[in-house]
Amino acid sequence: MINVEKVIAIDVHTHAEVSCCQPHDDYRSEFDEAFAKYFKSNKRPTIQETADYYRERNMAFVMFTIDSEFEVGKKRIPNIEVAEGALKNDDVMIAFASIDPHKGRMGAREARDLIENYGVKGFKFHPTVQGFYPQDKMAYHLYEVIAEYQLPMLFHSGHSGFGSGVRGGGGLRLEYSNPIHLDDVAIDFPDCPIIIAHPSWPWQDEALSVAMHKPNVYIDLSGWSPKYFPKQLIQYANTMLKDRMLFGTDFPLITPERWMKDFDEAGFKEEVKPLILKENAIKMLGLR
1 MINVEKVIAI
11 DVHTHAEVSC
21 CQPHDDYRSE
31 FDEAFAKYFK
41 SNKRPTIQET
51 ADYYRERNMA
61 FVMFTIDSEF
71 EVGKKRIPNI
81 EVAEGALKND
91 DVMIAFASID
101 PHKGRMGARE
111 ARDLIENYGV
121 KGFKFHPTVQ
131 GFYPQDKMAY
141 HLYEVIAEYQ
151 LPMLFHSGHS
161 GFGSGVRGGG
171 GLRLEYSNPI
181 HLDDVAIDFP
191 DCPIIIAHPS
201 WPWQDEALSV
211 AMHKPNVYID
221 LSGWSPKYFP
231 KQLIQYANTM
241 LKDRMLFGTD
251 FPLITPERWM
261 KDFDEAGFKE
271 EVKPLILKEN
281 AIKMLGLR
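Numbering-wise, full-length UniProt numbering puts 267 at position 267 of the sequence shown, and it's gapless, one number per residue.
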């Protein structure tokens, strides 16, 4: 169990990039090649390597994979593998699952199994690579199960490195990830934390507006170095949204060392930093 008084931070956004029980699916290698070029890295640590890495740094973390089998056609890393990694490393790791909403009622059944039998604590969605609008009622079979347990739903927002540079963007539509679409989700599921992932470029103001209006909406600060954050994001993090901003990196794409170094120099108030680094996550995840 995570000792929240001991850890210095809780990273709410890390990725499982390698399966230990199945080979990497090279079905669409153009995505992998463009991804490595865009992020200037093709490093893919295992789940256990990530747990060891965060433990050495006295940090806890949330991890998930992305199920994009419908839209992209690549085999997903099993959610059970991530969940079992968290059970094995429960002093530092929290498992979120990813289920493509197109799986409908079968996806809802999987979600319930993962919650009840594997201890999954939340769910990750990526509208662009999963090919859906978050407020599409098609996804509500899945949301309704998550809402029964009042678990967090984390949504990618804004630009996507996945597909960047691929011919036609790989057919992936950025507009699915405009955070304004989460307004309906926050209305329909007001008892679930809704996390808008990343500075939502080019829709940062939409994200801030939704979070300002809906008290169950959080923003995670992953995917960008803090030195590149829009000034209005820092402004609201320091003031009206200081209780709903979350530390996240997008590891392994950004390391916590890099993120925290730039965070210290990005203009955040000293009294706000502990809230962002772990206190808001402790509340949102129900860890205390």
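All C-beta atoms in this analysis are idealised placements derived from N, C-alpha and C, irrespective of residue type, glycine included.
Given the structure is predicted, the values throughout are model-derived calculations rather than measurements.
Name the DSSP beta bridge partners of residue i, please?
| i | result |
| --- | --- |
| I195 | L154, Y218 |
| H15 | F64 |
| F162 | Looking at the DSSP assignment, F162 forms no beta bridge with any residue, so it has no partner. |
| F125 | F155 |
| F251 | T14 |
| M59 | A9 |
| A86 | Beta-bridge pairing links A86 to no other residue. |
| I94 | V62 |
| L246 | D220 |
Hey, how far is the Cα of residue i from the Cα of residue j?
| i | j | result |
| --- | --- | --- |
| G248 | E148 | 26 Å |
| E271 | G286 | 22 Å |
| Q117 | M240 | First, the amino acid is wrong: residue 117 is Asn here, not Gln. Approximately 38 Å between the Cα atoms of the pair. |
| A177 | Q150 | Before going further, note that residue 177 is Ser rather than Ala in the sequence given. Taking the straight line joining both Cα atoms gives about 23 Å. |
| V18 | Q48 | 10 Å |
| A139 | T128 | 14 Å |
| W201 | I115 | 32 Å |
| P262 | K103 | Checking the sequence, you will find Asp at residue 262 rather than Pro. Rounded to whole angstroms, D262 to K103 spans 40 Å at the Cα level. |
| I194 | Y218 | 6 Å |
| I94 | G169 | 32 Å |
| P215 | R112 | 26 Å |
| Q235 | M63 | 28 Å |
| E81 | S98 | 12 Å |
| D220 | L233 | 11 Å |
| F70 | N280 | 34 Å |
| Y106 | F155 | Strictly speaking, residue 106 in this sequence is Met, with Tyr absent from that position. Spanning the two alpha carbons is a distance of roughly 21 Å. |
| P134 | L182 | 6 Å |
| K269 | E175 | 33 Å |
| D67 | F96 | 12 Å |
| F125 | P152 | 11 Å |
| G223 | A237 | 16 Å |
Count the other CB atoms within 10 Å of the CB of residue i; is the residue buried (16 or more) or exposed (fewer)?
| i | result |
| --- | --- |
| C20 | exposed |
| I187 | exposed |
| P252 | buried |
| K278 | buried |
| N3 | exposed |
| P256 | buried |
| M212 | exposed |
| D11 | buried |
| residue 329 | Past the boundaries of the shown model lies residue 329; the chain is included only from 1 to 288, so the question cannot be answered. |
| D264 | exposed |
| N58 | exposed |
| L275 | buried |
| K5 | As written in the sequence, residue 5 is Glu, which differs from the Lys given in the question. Under this definition E5 is an exposed residue. |
| M110 | Strictly speaking, residue 110 in this sequence is Glu, with Met absent from that position. So E110 counts as buried. |
| L87 | exposed |
| R288 | exposed |
Between the Cα of residue i and those of the options, spot the shortest distance and give me the residue it belongs to.
| i | options | result |
| --- | --- | --- |
| A51 | I77, K74, E84, P134 | E84 |
| D191 | R57, R173, V145, N58 | V145 |
| D184 | P230, D136, D11, G168 | D136 |
| D205 | P179, L221, D220 | P179 |
| Q22 | H126, I99, F189, N79 | N79 |
| T46 | T65, M59, A60 | T65 |
| G171 | Q130, M153, S98 | Q130 |
| I8 | F61, T14, R44, A16 | F61 |
| A266 | K283, P230, K75, A281 | P230 |
| V210 | W224, G223, S225, S157 | S157 |
| E56 | S68, F123, L87, V92 | V92 |
| H13 | L246, L275, M260, K283 | L246 |
| V72 | R173, A108, H198 | R173 |
| K242 | G223, K283, S225 | K283 |
| D100 | M1, A207, I77 | I77 |
May I ask you to check if the CB of residue i is nearer than 6 Å to at least one heavy atom of the ligand MN?
| i | result |
| --- | --- |
| Y143 | With respect to the ligand MN, the structure shown offers nothing to examine, as it has no ligands at all. |
Quiz prompt | 4-residue-minimum alpha helix (DSSP H) runs that sit fully inside the region 126–150, ordered along the chain | solution = 127–130, 140–148
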